[in-house]
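Visitor:
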Amino acid sequence: MPVVLYGIVRAGHPLPDPAQGANAALGIGHPRAPLRLVRSGPLAAVVSATDDIGELGEQEAVRHLEILQRLLADGPVLPVRLGTVAPDDGAVRAEVLDPVRDSLPERLDAIDGLVELHLDVEEAEQTELAEAVAGTSLAHAPPPADLDGRIELGQRIAELVTARRTEQAEEILDELRPLARADRPRRHHGGPEDPALSWAFLVPADALDDFDAAVDRIRATHPSLTVEYVGPLPAVDFVEFPARVLTDPHDADPGGDSFSGSADRSSGDSFGDSFGSSFGEAPGGTSGDSFDGSGRWGWGRTADRSATGRRGGNLGQRKEF
């Protein structure tokens, strides 16, 4: 029977307890079946059986992430892309687990006790423009009458806005970096259309309260900023994932990745960006992909970097699923 994959864990990893809620131990698909482990040596894949994965939308994306976060509470987990379906348990062992059973345990060990947090910071355009030119000669100067002058003015304002964003981002990073083991950007920064900050932090799970408090201080000292804060999440942005397994090179299609749940579902480098829609928004009406005989499968990053259900604005807590 086909199975939906959620993540790779150690062979002895506990499964979510049904006592946590009626749906805590159920996967996605139709009908919803209990989560279970498919083991190979020191590794296991968390899966659930399904007759039909159906349409993948926001509800399925959130459920996929809930499963991963419940798993994360009991040890490290490496997520598999939302909607990844294998034809049976044997295919999971042969094509997902067996090729990495020697290398992947070390990667799980490296992120044991660590979680990933996402911070996204924006500012309303009008506020940003007003604050960027305040105190400069542009604040009260009339706009130029000629086209070249207006273009030059626009460029000067864009430079001021970018400089302001950079300064704010550096202040925020200076506050948060001492609390993290590692950090890295999640989007491009430095251009007039780029966010003020979109960043991932690798943080010890037992230090979440300290990080939460630091984010609260940032919100208090920067009231004009919209701060979106999500976690804890599996630490996929800080793990070097193994290459996809190809059992038949003739099945490789450079334009997509058919066992990756699913190809081209979103733009970008999709969980880091192949954890896909687990952290991100799963476009409605998208069906899950399967092996389709290709032997290909998808690690880690799947949809765009925005998080489904992310708590936005200046709300005073981290969004948890």
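Read in order, the letters of the sequence shown are residues 0 to 320 in numbering that gives the first Met the number 0. For glycine and all other residues, C-beta sits at the position ideal for the given N, C-alpha and C. Since the structure is predicted, the reported quantities are computational estimates derived from the model, not experimental observations.
(1) Per DSSP, what kind of secondary structure is Leu146 in: helix, strand or coil?
(2) May I ask you to report which of helix, strand or coil DSSP gives Pro78?
(3) Roughly how many angstroms separate the alpha carbons of Ala219 and Asp182, rounded to a whole number?
(4) Considering only residues of the same chain and omitting the five flanking positions on each side of Val37, which have a CB-CB separation below 6 Å?
(5) Check for me: the beta strand (DSSP E) holding His117 runs from which residue to which?
(6) Give me the Cα-Cα distance between Leu96 and His63, rounded to the nearest whole angstrom.
(7) If you compare alpha carbons, which of Pro75, Val226 and Ala144 is closest to Leu201?
(8) Relative to the C-alpha of Leu42, which candidate in Gly6, Pro233 and Leu34 has its C-alpha closest?
(9) Is there contact between the region 99-112 and the region 212-232, where contact requires at least three CB pairs shorter than 8 Å?
(10) On a CA-only basis, which of Pro17, Gln167, Pro177 and Val120 is nearest Trp198? Give me that one, please.
(11) Name the two residues that bound the continuous alpha helix (DSSP H) containing Phe237.
(12) Any chance the region 51-61 sits against the region 17-25, with 3 or more Cβ pairs inside 8 Å?
(13) Could you tell me which of Gly28, Arg155 and Glu115 sits nearest to Ala72, measuring between CA atoms?
(14) Need the endpoints of the alpha helix (DSSP H) that Thr220 sits in, please.
(15) How far does the beta strand (DSSP E) with Gly182 in it extend, from its first residue to its last?
(16) From Gln68 to Arg164, what distance separates their C-alpha atoms?
(17) State the Cα-Cα distance for the pair Arg9 and Leu113, rounded to the nearest angstrom.
(18) Which residues in the same chain as Pro104 place their Cβ atom closer than 8 Å to its Cβ, once the five residues preceding and following it in sequence are excluded?
(19) How many Å lie between Arg106 and His117 at the Cα?
Guide: Reading from the atomic positions:
(1) helix
(2) strand
(3) 22 Å
(4) Ala44, Val46, Asp88 and Val91
(5) Leu113 to Glu122
(6) 20 Å
(7) Pro75
(8) Gly6
(9) no
(10) Val120
(11) Here Phe237 belongs to no alpha helix (DSSP H), and DSSP marks it neither H nor E.
(12) no
(13) Glu115
(14) Leu207 to Thr220
(15) Note that residue 182 is Asp in the sequence shown here, rather than Gly. Taken as a continuous stretch (DSSP letters only), the beta strand (DSSP E) holding Asp182 covers Ala181 to Pro184.
(16) 32 Å
(17) 15 Å
(18) Arg9, Pro41 and Leu42
(19) 21 Å
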